[in-house]
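**Q**
Numbering (my numbering), first residue to last: 44 to 256.
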């Protein structure tokens with residue numbers, strides 16, 4: 044869905060297909076296909092890794108894992124859990140990137156996020172904390188430069204995929220709060236070169252995660 048932006052907003056309204064096409068032109072990769080294929084490939088290993096962590100990190104990851112049904116695991120939930128768990132492992136501050144608000148506090152929430160994913164849920168839905176997965180959002184939007192550039196995204200995974208693509212094709216710096224995670228997505232999950240300089244070395248994390256090919 045295209046969103047009309049304020050006159051001074053630096054980016055025009057964008058569509059999903061535009062982002063994928065431009066990413067393919069620049070990186071010669073199928074962003075959506077490669078991103079979700081990588082999630083399918085790495086998710087089981089990440090879940091096993093999450094279960095081994097101790098202390099505060101382990102507690103946060105266990106709270107995330109509780110959203111996964113052992114009998115009938117939902118792929119969308121699994122992907123969301125992994126995408127919210129990776130920043131915890133890499134010491135990113137994902138609370139500044141993943142924002143969730145009720146439908147009555149959307150405007151206030153927009154004032155608190157510069158770059159990230161904003162998930163809007165109903166007033167009576169529990170949505171606080173990093174362990175929230177927000178299974179039935181009213182809407183999911185991508186924020187750049189404090190403005191909505193895309194809205195009504197299907198789910199968190201697609202929003203992260205599109206936001207990464209936008210950041211990459213527009214040659215934007217990764218937000219400091221998620222630099223390690225986005226660099227991990229770039230170099231490990233998508234196999235792209237070191238276009239950005241990470242705060243934390245991703246190669247060592249790749250080895251410790253057991254994700255090397």
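Where a beta carbon is used, it is the ideal one built from N, C-alpha and C, also for glycine. In this text the structure is predicted, and so the values were computed from the model without any measurement.
If you compare alpha carbons, which of 230, 217 and 201 is closest to residue 75?
**A** In the chain shown, residue 75 corresponds to position 32, counting from 1. Per the Cα distances, 201.
**Q** In the DSSP assignment, find the unbroken alpha helix (DSSP H) run with residue 76 in it and report its ends.
**A** Along the chain shown, read from residue 1 onward, the residue named residue 76 stands at position 33. Segment 74-95, the alpha helix (DSSP H) holding residue 76.
**Q** Which value, in whole angstroms, describes the spacing of the CA atoms of residue 71 and residue 166?
**A** Here residue 71 refers to the residue found at position 28 when the chain shown is read from its first residue. Here residue 166 refers to the residue found at position 123 when the chain shown is read from its first residue. Roughly 42 Å separates the two Cα atoms.
**Q** Quick one: what's got a C-beta closer than 7 Å to residue 182's C-beta in the same chain, skipping five residues either side?
**A** In the chain shown, counting from the first residue as 1, residue 182 sits at position 139. Only 163, 194 and 195 meet the Cβ criterion.
**Q** Give the list of continuous alpha helix (DSSP H) stretches no shorter than 4 residues that lie fully inside the stretch 139-192.
**A** Entirely contained in the stretch 139-192, the alpha helix (DSSP H) runs reaching 4 residues are, in chain order, 149-153.
**Q** DSSP on residue 98, reduced to helix/strand/coil?
**A** Residue numbering aside, residue 98 sits at position 55 when the chain shown is read from its first letter. Note: residue 98 maps to helix in three-state DSSP.
**Q** With H, G and I counted as helix, E and B as strand and the rest as coil, what does DSSP make of residue 19?
**A** Residue 19 falls outside the range modelled here, since the chain spans only 44 to 256, and no answer is possible.
**Q** Under a three-way DSSP split, which group does residue 201 fall into?
**A** Here residue 201 refers to the residue found at position 158 when the chain shown is read from its first residue. Residue 201: helix per DSSP, three-state reduction.
**Q** Okay, do the stretch 108-124 and the stretch 81-94 touch, 3+ Cβ pairs below 8 Å being the bar?
**A** Short answer: they touch.
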